[in-house]
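Peer 1: Quick one: structure below, then a few questions.
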Amino acid sequence: MASIVPILFSQQVDMSYDLSIKTYLPGYVNFPPEKNLTFDGHVEISMVVVEPTNSIVLNSKKITLAQGGCELFSVGSINFIILFEKLSIPIHTTFRSLTPALLATLSVGSTSPSIPIRTEPPSTYNGMYTGKSTFDFRIVAVSQNEPSDARRIAPCFDEPKYKAKWTVTVVHPKGTKAASNGIEGDWITSKFKTTPPMSSYLLAIIVCEFEYIEGYTETGVRFRIWSRPEAMEMTEYALDAGIRCLEFYEKFFDIKFPLEKQDMIALPDFTAGAMENWGLITYREDSLLYDSRIYAPMNKQRVALVVAHELAHQWFGNLVTLKWWDDTWLNEGFATFVEYLGMDEISHNNFRTQDFFLLDGMDRGMRADSAASSHPLSFRIDKAAEVAEAFDDISYAKGASVLTMLRALIGEDNYRNQYLKKFSYSNAQAADLWNVFNEVVKGVKGPDGNIMKIDQFTDQWTYQMGYPVVKVEEFNATSLKVTQSRYKTNKDALEPEKYRNPKYGFKWDVPLWYQEGNSKEVKRTWLKRDEPLYLNVNKRDTSLVVNADRHGFYRQNYDASGWKKIIKQLKENHEVFGPRTRNAIISDAFAAATIDAIDYETVFELLEYAKNEEVALSGMFAVLKFFGNEPETKPARVSLNFQAYMMSILEPMYNKSSIDYIVKNYLDDTLFTKILVRYQLSDSGVMEALVGLGGYLTQNENDLISLSSWRLTFGGFYGWQILVHFYSLEIIVA
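Using full-length UniProt numbering, read the sequence shown as starting at 1 and increasing by one per residue.
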């Protein structure tokens, strides 16, 4: 027998599946006890064989072939039938593959294996939930197939590059409903329309007794939100957000949504946060349900973010799919990049997504990529068991950040449509994306002064881990010297040898946006990876800030003179620098101090300017992220002197705000209350917060103010009563 490999051979194309399964969920109808929480069924796979072969390799895991084995029959040029006894189809558990041992060589043409199956609960996740009034337990059958678990439902070609049409029939107990990717006695049969060609990991099947609300997009796509009956009143926001976002993406990509319907379902218990199954997106409840009377504005923003991300996948990932998982970042980085545009549409531009991306995206990617345990965006994955490594902040946050940097370089118009249109219903890899961009880039010069070759630039950022810190130092009276080195939180820790790329040696061609003195003009030049850059300055005492507007995925640092000039400018007029630039300055100052590149006295002197900031503008995001997340700065280890210092900066900001503003502002609700609680208001501030929030509640009795705002009470009996009241209203299963 030929050796078994984890990646299947490309010997068949134009595939389709006809899958029929019968689910045995308890509590509805009678069936033999041994059938409980199992399903059985049948799958027929139609395909065109493009090369003569004596074997067909399918992926399979924890599936028992029913009596009679596998039947292979032919159409057209093949005129034989082969019956397989179940023992002649070995299952190779190491690579989760199944190889029918053919009795003859298949000629080129069409063939259809027909495989009866019987399983234990394969790719179903048995999510338990409790009915609010009856406490009657019910089990929901939910599939979760990414990256490689469609093989637990039926034998199939379970790799992204094998796109196929799926026709699904679900036999389920009376009293339940079934949902799948297509549009639709004691047992009910639900047959769904055939899907467009899609990868197997996008297959979705659900059997439940949920209810739904529905609406339609302006192009006629039916849109449904499913939930437990008692949570239905919390689905309205997701329906409105989903329809608005889908309509926006159709126009933005200039590609009509390929399906007739889009379902989104809120699950009380689910293995993933959400999953982009084509036409049937699955969510945890807290990522889809929202009630403004109970939950914080930040919860509303989270629902918008996750909905926008998963709907972006309907194009980036579903319509165009990666060939193999070593380019996972193409799916996740693009969806993360686009989700912020979708959020803007959902919120009528009220979520300040460009600020939010710095907090939620770029900083997160930088923290992950500064560790020796990081990995490149694109890295070799040899088998499905290794795929989980790629679903992390590198693929999502760094991927989106690199794309953001590329957009700032080549322009918005060059970023749309061509890639999606060229590879619709097909597969692509990173090289395909860069080739498309090379075709549309006009007049953008690279570091060598010639028209930019996108792949030559992006390969440095995708095929090696890490990112640079750009150092600016005084060179002489009229010029500055700019150099780079890798930013690493632990300089002595070694990265895995397989991730070291000697071709680049942890150096990058860096697009350098910079801002000089009190001018608001942002200029751009290149810092080449193999040589320093010298910049002329107008005056010796003029400040110079790099990564202005924070387009680039890199950090900044300066010599002592450079930091003093920047601090002086911030204190005199901080609004010379935009909010994104101020965020970058603070974030990168903390990052430099973390690795002892500058002292903390410089950081604290820098923060003095923040007394003049408005509430929770971008400049303060870095403060929260640094002191809220770094383990060495947890509250128990923060001295009273430092606490007093932080409040000397934060209380002036608090005094400029109103309770109404904090309660209603999407970013400030969580950001500001977290940081105030961490360093604590004065006693007078606590009392003011209590009085203010109490007055707000009296005047807005139907608006139950978010729990994060109530943190301003810092506990106490009154605060405890409020928390108990909110808990009694809780519906979402966390």
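The beta carbon of each residue, even a glycine, is placed where N, CA and C say it ideally should be.
Just curious, the alpha helix (DSSP H) that Asn-583 is in, first and last residue?
Peer 2: Start and end: 579 to 594.
Peer 1: Take every Cβ of the segment 527 to 537, pair it with every Cβ of the segment 373 to 380, and state whether three or more of those distances are shorter than 8 Å.
Peer 2: These segments do not touch.
Peer 1: Run through DSSP, which three-state label would Ile-81 get?
Peer 2: Because the pLDDT of Ile-81 is 29, which lies under 50, any placement of that residue in the model is unreliable, and the question is left without a value.
Peer 1: Alpha carbon to alpha carbon, how far is Lys-398 from Arg-364? Give it in angstroms, no decimals.
Peer 2: Distance between the alpha carbons of Arg-364 and Lys-398: 8 Å.
Peer 1: The beta strand (DSSP E) spanning Ala-428 covers which residue range?
Peer 2: Per DSSP, Ala-428 belongs to the beta strand (DSSP E) from 426 to 428.
Peer 1: Check for me: the beta strand (DSSP E) holding Trp-226 runs from which residue to which?
Peer 2: Element bounds for Trp-226: 222 to 227.
Peer 1: Tell whether a beta-carbon distance below 9 Å holds between Arg-152 and Lys-62.
Peer 2: A contact, by the Cβ cut-off of 9 Å.
Peer 1: Is the number of C-beta pairs between the segment 415 to 427 and the segment 454 to 474 that are closer than 8 Å three or more?
Peer 2: The segment 415 to 427 is not in contact with the segment 454 to 474.
Peer 1: Indicate whether Asn-59 and Ser-199 have their beta-carbon atoms separated by less than 9 Å.
Peer 2: Not in contact: Asn-59 and Ser-199 (Cβ atoms no closer than 9 Å).
Peer 1: Helix, strand or coil for Leu-25, going by three-state DSSP, please let me know.
Peer 2: Note: Leu-25 maps to coil in three-state DSSP.
Peer 1: Three Cβ pairs or more, each shorter than 8 Å: is that satisfied between the segment 538 to 548 and the segment 566 to 573?
Peer 2: The segment 538 to 548 vs the segment 566 to 573: in contact.
Peer 1: Decide if Thr-478 is buried, meaning its Cβ has at least 16 other Cβ atoms within 10 Å, or exposed.
Peer 2: Per the 10 Å Cβ criterion, exposed.
Peer 1: Should Ala-150 and Ala-179 be called a contact, given that it needs their Cβ atoms to be closer than 9 Å?
Peer 2: No, these two residues do not count as a Cβ contact at 9 Å.
Peer 1: Would you report the Cα separation of Asp-432 and Phe-252, rounded to the nearest angstrom?
Peer 2: Each residue's Cα considered, the two are about 21 Å apart.
Peer 1: How would you label Asn-538, buried or exposed, when you count the other beta carbons within 10 angstroms and need 16 or more for buried?
Peer 2: By the 10 Å Cβ count, Asn-538 comes out exposed.
Peer 1: Quick check: the Cα distance between Lys-323 and Thr-176, rounded to an integer number of angstroms?
Peer 2: Rounded to the nearest angstrom, the two C-alpha atoms are 37 Å apart.
Peer 1: Let me check one thing: in DSSP terms, what residues is Ile-188 bridge-paired to?
Peer 2: Note: Ile-188 sits in a beta bridge opposite His-172.
Peer 1: Quick one: what's got a C-beta closer than 7 Å to Tyr-24's C-beta in the same chain, skipping five residues either side?
Peer 2: Phe-31, Lys-35, Asn-36, Leu-37, Thr-38 and Phe-39.
Peer 1: Here's a check: name, in chain order, each residue in its chain whose Cβ is nearer than 6 Å to the Cβ of Ala-335, leaving out the five neighbours to either side.
Peer 2: If we look at Ala-335 and ignore the five residues flanking it on each side, its Cβ neighbours are His-309, Ala-312, His-313 and Phe-316.
Peer 1: Give me the Cβ distance between Lys-174 and Ile-188, rounded to the nearest whole Å; I'm assuming they're in contact under 8 Å.
Peer 2: About 6 Å separates the two Cβ atoms, so the contact holds.
Peer 1: Starting from residue 802, trace the alpha helix (DSSP H) both ways and give me its first and last residue.
Peer 2: Nothing can be reported for residue 802: it is not among the residues displayed for the chain, which extend from 1 to 734.
Peer 1: Looking only at its chain, what residues have a beta carbon closer than 8 Å to the beta carbon of Tyr-368, apart from the 5 residues adjacent to it on each side?
Peer 2: In the sequence as displayed, the identity of residue 368 is Ala instead of Tyr. Correct list, in chain order: Ser-374, Asp-392, Asp-393, Ile-394, Ala-397 and Lys-398.
Peer 1: Can you tell me whether Ile-649 is helix, strand or coil according to DSSP?
Peer 2: The answer is helix: DSSP assigns Ile-649 an H, G or I state.
Peer 1: Terminal residues of the continuous alpha helix (DSSP H) containing Leu-607?
Peer 2: Looking at the DSSP string, the run of the alpha helix (DSSP H) that includes Leu-607 is 600 to 607.
Peer 1: Check the DSSP bridge columns for Val-482 and list the partner residues they point to.
Peer 2: According to DSSP, Val-482 bridges with Val-472 and Leu-533.
Peer 1: Use the C-beta contact count for Lys-445: other C-beta atoms within 10 angstroms, 16 or more gives buried, fewer gives exposed.
Peer 2: Lys-445 is exposed by the Cβ-count criterion.
Peer 1: Less than 8 Å between the CB atoms is what I'm expecting for Ala-241 and Ala-304, so what's the real figure, rounded?
Peer 2: Confirmed, Cβ separation roughly 5 Å.
Peer 1: Determine, using beta-carbon pairs with one atom in the segment 513 to 527 and one in the segment 488 to 503, whether at least three such pairs fall under 8 Å.
Peer 2: No, the segment 513 to 527 is not in contact with the segment 488 to 503.
Peer 1: Mind checking whether Arg-550 and Ala-584 have CB atoms under 9 Å apart?
Peer 2: Contact flag set, yes.
Peer 1: Just the C-alpha distance for Lys-520 and Thr-271, rounded to the nearest angstrom, thanks.
Peer 2: Roughly 48 Å between the two C-alpha positions.
Peer 1: Go ahead and label Thr-219 buried or exposed: buried means 16 or more other beta carbons lie within 10 angstroms of its beta carbon, across all protein chains shown.
Peer 2: By the neighbour-count rule (16 or more Cβ atoms within 10 Å), Thr-219 is not buried but exposed.
Peer 1: Report the residue from Met-343, Asp-588 and Arg-293 whose alpha carbon sits nearest the alpha carbon of Phe-248.
Peer 2: The option with the nearest alpha carbon to Phe-248 is Met-343.
Peer 1: Where are the alpha helix (DSSP H) runs, 4 residues long or more, that stay fully inside the segment 202 to 258, in chain order?
Peer 2: If we require 4 residues or more, the alpha helix (DSSP H) runs fully inside the segment 202 to 258 come out as 236 to 253.
Peer 1: Once you ignore the five residues that flank Lys-453 on each side, which residues in its own chain have a CB closer than 7 Å to its CB?
Peer 2: Around Lys-453: Asn-438 and Gly-446.
Peer 1: Can you name the start and end residues of the beta strand (DSSP E) that Ile-265 belongs to?
Peer 2: From DSSP, the beta strand (DSSP E) with Ile-265 extends over 261 to 267.
Peer 1: Here's a check: name, in chain order, each residue in its chain whose Cβ is nearer than 6 Å to the Cβ of Ser-16, leaving out the five neighbours to either side.
Peer 2: Here the set comprises Ser-46, Ala-164 and Lys-165.
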